[in-house]
Amino acid sequence: MPAEIRQYVRSHYVFVGHAAKRHGTKSSYLCQCVNGGVPRLSATIGSVTHMANRTHRYEAEVTWTGNTGSGTSGYRDYARDHDVTGVEASGKPTILGSADPAFRGDPQRWNPEELLVVSLSQCHMLWYLALCAKAGITVTAYSDRPDGVMSENAEGSGVFTEVTLRPRVTIAEPSRVGDATELHHEAHRMCFIANSVNFPVSAEPTVTASA
599 MPAEIRQYVR SHYVFVGHAA KRHGTKSSYL CQCVNGGVPR LSATIGSVTH
649 MANRTHRYEA EVTWTGNTGS GTSGYRDYAR DHDVTGVEAS GKPTILGSAD
699 PAFRGDPQRW NPEELLVVSL SQCHMLWYLA LCAKAGITVT AYSDRPDGVM
749 SENAEGSGVF TEVTLRPRVT IAEPSRVGDA TELHHEAHRM CFIANSVNFP
799 VSAEPTVTAS A
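Residue numbering for the sequence shown follows our numbering, starting at 599 and increasing by one per position.
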């Protein structure tokens, strides 16, 4: 059994090359998740047990709306605009999508690269709020300003090289600031999206207590 899997069995952590810097109430974690080979286990958070054998399916509909009259007759002859909607009359609001403006996209619309960064931030936040609730920590405010870096290759393809989350959290209990800061580490470990990407995701959280 590889060493990283043995570590997972011992402590439920699956990080490679983990580095942590702590200073006051601000911490920086750089965590890269192991791809493949992770054992199926159950995890208990508070009084709720999560079984790893469950599967979930997610669907959406993506419709290109950028045909300006001649289709894709030329690289400059069509718009990158598209709509992202729910399926089967879900009632969800439409997401107006396009390409990165660097690739002839509309800067007023969301591009896939931005949505990937957003999904990492959302997933981290939702796990963090749940973990705080289970730990008896009252979060009263949470915001994040994440950013990601993508590098283009010579033939035109690209790859994300990193995403950095910068959550700013306010809690009600001054005595729990340290505990609340540490829970960002666990939120990263549990995040479905962070566990699914092959590039480093770091978090630079700031936690303060309300006056």
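C-beta atoms are modelled at their ideal positions from N, C-alpha and C, and glycine is treated no differently.
Residue i, enclosing beta strand (DSSP E) - first and last residue
| i | result |
| --- | --- |
| V685 | V685 -> no beta strand (DSSP E), and no H or E assigned at all. |
| W708 | Counting along the chain, W708 falls outside any beta strand (DSSP E), and DSSP gives it neither H nor E. |
| G695 | 693–695 |
| R702 | Taken as a continuous stretch (DSSP letters only), R702 belongs to no beta strand (DSSP E), as it is neither H nor E. |
| I791 | Careful: I791 lies outside any beta strand (DSSP E) and carries neither H nor E. |
| A739 | 737–741 |
| R766 | 766–769 |
Cβ-based burial, residue i [other Cβ within 10 Å; buried from 16]
| i | result |
| --- | --- |
| P765 | buried |
| A785 | buried |
| H783 | buried |
| D745 | exposed |
| V715 | buried |
| V767 | buried |
| D679 | buried |
| H654 | exposed |
| T661 | exposed |
| A739 | exposed |
| G756 | exposed |
| S688 | exposed |
| S719 | buried |
| P658 | Residue identity check: residue 658 is Ala in the sequence provided, not Pro. Per the 10 Å Cβ criterion, exposed. |
DSSP-derived helix/strand/coil call for residue i
| i | result |
| --- | --- |
| F758 | strand |
| V715 | helix |
| A731 | helix |
| E753 | coil |
| S800 | strand |
| A807 | strand |
| Y726 | helix |
Unbroken alpha helix (DSSP H) run spanning residue i, endpoints
| i | result |
| --- | --- |
| A785 | 775–788 |
Residues sharing a beta bridge with residue i, DSSP
| i | result |
| --- | --- |
| G664 | According to DSSP, G664 bridges with nothing at all. |
| G746 | V761 |
| E659 | T683 |
### Query
Are the segment 768–778 and the segment 792–808 touching, with three or more C-beta to C-beta distances below 8 Å?
yes
### Query
Touch check for the segment 696–703 and the segment 713–729: three-plus C-beta pairs under 8 Å?
no
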